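The sequence shown begins at 0 in numbering that gives the first Met the number 0 and counts up by one.
The block underneath contains the structure these notes are about, expressed in structure tokens.
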Amino acid sequence: METAHPHFSLTPQPTSPGMIVRAEGCELITSDGRRILDAVGGAAVNNVGHGRREVADAVAEAMRQLDYVVPLWPTPNRVALGEYLVDEWLPADFEHVFFAGGGSEANDTAVRLARMYHVSRGDEQRYKVIGRVPSYHGSTLATLAIGGHMNRRDGFDPLLAEHPKVPWDNADALAAAIEAADPSTVAAFIAEPVIGASGPALTPGLDYWARVSEVCREYGVLMISDEVMTGFGRTGRRWGFEHDDWEPDIVVAAKAITGGYTPLSMVSASNQVLEPIIADGNGVMFFTYSGHDASCAGALAVLRILADEQLVERAATVGASMLAKLQAAVGRSSAVVEVRGRGLMLGVELNGLASADVVAAALERDVWIYPGGSGPAVNDGLLFAPPLVVSDEQVDQIVAVTAAAIDEVAAGVVSA
Ligand SMILES: Cc1ncc(COP(=O)(O)O)c(C=O)c1O
Numbered sequence: 000m001e002t003a004h005p006h007f008s009l010t011p012q013p014t015s016p017g018m019i020v021r022a023e024g025c026e027l028i029t030s031d032g033r034r035i036l037d038a039v040g041g042a043a044v045n046n047v048g049h050g051r052r053e054v055a056d057a058v059a060e061a062m063r064q065l066d067y068v069v070p071l072w073p074t075p076n077r078v079a080l081g082e083y084l085v086d087e088w089l090p091a092d093f094e095h096v097f098f099a100g101g102g103s104e105a106n107d108t109a110v111r112l113a114r115m116y117h118v119s120r121g122d123e124q125r126y127k128v129i130g131r132v133p134s135y136h137g138s139t140l141a142t143l144a145i146g147g148h149m150n151r152r153d154g155f156d157p158l159l160a161e162h163p164k165v166p167w168d169n170a171d172a173l174a175a176a177i178e179a180a181d182p183s184t185v186a187a188f189i190a191e192p193v194i195g196a197s198g199p200a201l202t203p204g205l206d207y208w209a210r211v212s213e214v215c216r217e218y219g220v221l222m223i224s225d226e227v228m229t230g231f232g233r234t235g236r237r238w239g240f241e242h243d244d245w246e247p248d249i250v251v252a253a254k255a256i257t258g259g260y261t262p263l264s265m266v267s268a269s270n271q272v273l274e275p276i277i278a279d280g281n282g283v284m285f286f287t288y289s290g291h292d293a294s295c296a297g298a299l300a301v302l303r304i305l306a307d308e309q310l311v312e313r314a315a316t317v318g319a320s321m322l323a324k325l326q327a328a329v330g331r332s333s334a335v336v337e338v339r340g341r342g343l344m345l346g347v348e349l350n351g352l353a354s355a356d357v358v359a360a361a362l363e364r365d366v367w368i369y370p371g372g373s374g375p376a377v378n379d380g381l382l383f384a385p386p387l388v389v390s391d392e393q394v395d396q397i398v399a400v401t402a403a404a405i406d407e408v409a410a411g412v413v414s415a
């Protein structure tokens, strides 16, 4: 355990590589000059690479003009970002955006929005939000309750409202769960198009989303796409849902909206969802830091780089090549169940190894990979989501280190 900074965290954290003082490109640099290759953009956050001066300059300039303005009122970057998202990113019938601080706040807001939609239409009894196992939607009490990350829920059960859960890949189980819950009480279904930390890069089969869509429409259940990890190009398309034949009613995004340069998340909904809410004079309460102008300036600068450098397209091509390289290097190992993913959101499912051990072994070799897994029902796995500017040589280094780390841990497990 880290002892050098005893007051840095509330409870002890896993060993760190040292004090991170600078970052550039795909590398994090420690106070003693060690360079860590960031194979997961922090926590699937950074997309445009670290150390982009133009983003820092945009944020600094915004802060020179404004500090805090109540989220009820327009500010230049707040307004510009909303317009840019509606014009360039969101589906055609999504014309309004709500900002929050991070993914948990945004998913929490999506739950309230879904509830508000039904209340505004006089459907007061609809409140249940069906989630999947595994899944992760955040750590507020509402988002833990709708999520299926068993380790992160552990110990909080008495505080969590009960919402039905379904297996992550079975659309018929969703129909059965809606029936079992009493369809007139179900408000929404929430899912990550490609699963993140709870089951790295789990991606359902071809017909899954079309069938889910059919089921939700049949029962009047709203579909929330949690794009906190998949949004803004990570999977090689603009949104994770764009790979499959469906369109959500509510879209939630965070992380890549600013690449992590500033804290920000967003929720948007189709006009069909918003119209009854607006007609009834309802809405959702803002957070104090909803749409901070400097955060929005950071988002605008990052999204401009994403477009100018065609990084969404790059995620698709580099991701396909990284997937093939990972498959070749570790796909046949007896310590690996599966190599999978879309774009630059890739996962390696481990066979009986603890992801934390493999991550520690990789960090010894100067590569940061995210430890995935969500409890005994699902195998641990490794999550890869490097900045979309990652070079071929860096991909090769990530793949080689992953193979060496898995071999080392597997050898220890066998000999133990
Ligand atoms: C899919 C998904 N949803 C929600 C969250 C929660 O976001 P935050 O940690 O910003 O609250 C995460 C965080 O990793 C996530 O991956």
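Yeah, the Cβ is synthetic: ideal placement off N, Cα and C, and Gly gets one too.
Values in this document were obtained by computation on a predicted structure and should not be read as measured data.
Less than 8 angstroms divides the Cβ of VAL250 from the Cβ of PHE93. Comparing alpha-carbon positions, the option among LEU80, GLU60, ALA200 lying closest to GLY290 turns out to be LEU80. Residue range 335-341 is occupied by the beta strand (DSSP E) that includes ARG339, with no alpha helix (DSSP H) assigned at that position.
The nearest non-hydrogen atom of ligand 1 is less than 7 angstroms from the C-beta of ALA196.
For ILE177, the secondary structure class from DSSP, reduced to helix, strand or coil, is helix. DSSP, read as helix, strand or coil, puts ARG237 in coil. Between ligand 1 and the CB of ASP225, the shortest heavy atom gap is smaller than 7 angstroms. With fewer than 16 other CB atoms across the displayed protein chains lying within 10 angstroms of its CB, ASP86 is exposed. Nearest to SER264 by alpha-carbon distance, out of HIS117, ASN106, GLU312, is ASN106. Pairwise C-beta distances place the segment 139-148 out of contact with the segment 172-180, as fewer than three of them are shorter than 8 angstroms. Taking the CA atoms as reference points, TYR67 sits about 21 angstroms from VAL266. Take GLU407, set aside five residues on each side of it, and the residues of its chain with a beta-carbon closer than 7 angstroms to its own are ALA360, in chain order. 8 angstroms or more divides the Cβ of ASN46 from the Cβ of GLY346. Separation of GLY372 and PRO75 (C-alpha to C-alpha, rounded to the nearest whole angstrom) is 41 angstroms.
Counting every other CB atom within 10 Å of its CB across the protein chains shown gives MET344 a total of 16 or more, marking it as buried.
Annotation for VAL394: no beta strand (DSSP E) segment contains it, though the alpha helix (DSSP H) segment containing it runs 391-414. DSSP places ILE19 in the uninterrupted beta strand (DSSP E) bounded by 19-23. Under the three-pair Cβ rule at 8 angstroms, the segment 151-168 does not count as touching the segment 212-222.
Judged by DSSP secondary structure, VAL128 falls within the beta strand (DSSP E) whose first and last residues are 127-132. Beyond the five residues adjoining it in sequence on each side, PRO133 comes within less than 8 angstroms, by CB distance, of GLY147, HIS148, MET149, TRP167, ILE194, SER197, GLY198, LEU201, SER373, GLY374, ALA376, VAL377 in the same chain, given in chain order. Using a Cβ distance threshold of 8 angstroms, ALA253 and ALA57 do not count as a contacting pair. Taking a 10 Å sphere around the C-beta of PHE7, we find fewer than 16 other C-beta atoms and assign the residue as exposed.
Sequence-distant Cβ neighbours of THR229 in its own chain, meaning closer than 6 angstroms and more than five residues away, are PRO192, VAL193, GLY239.
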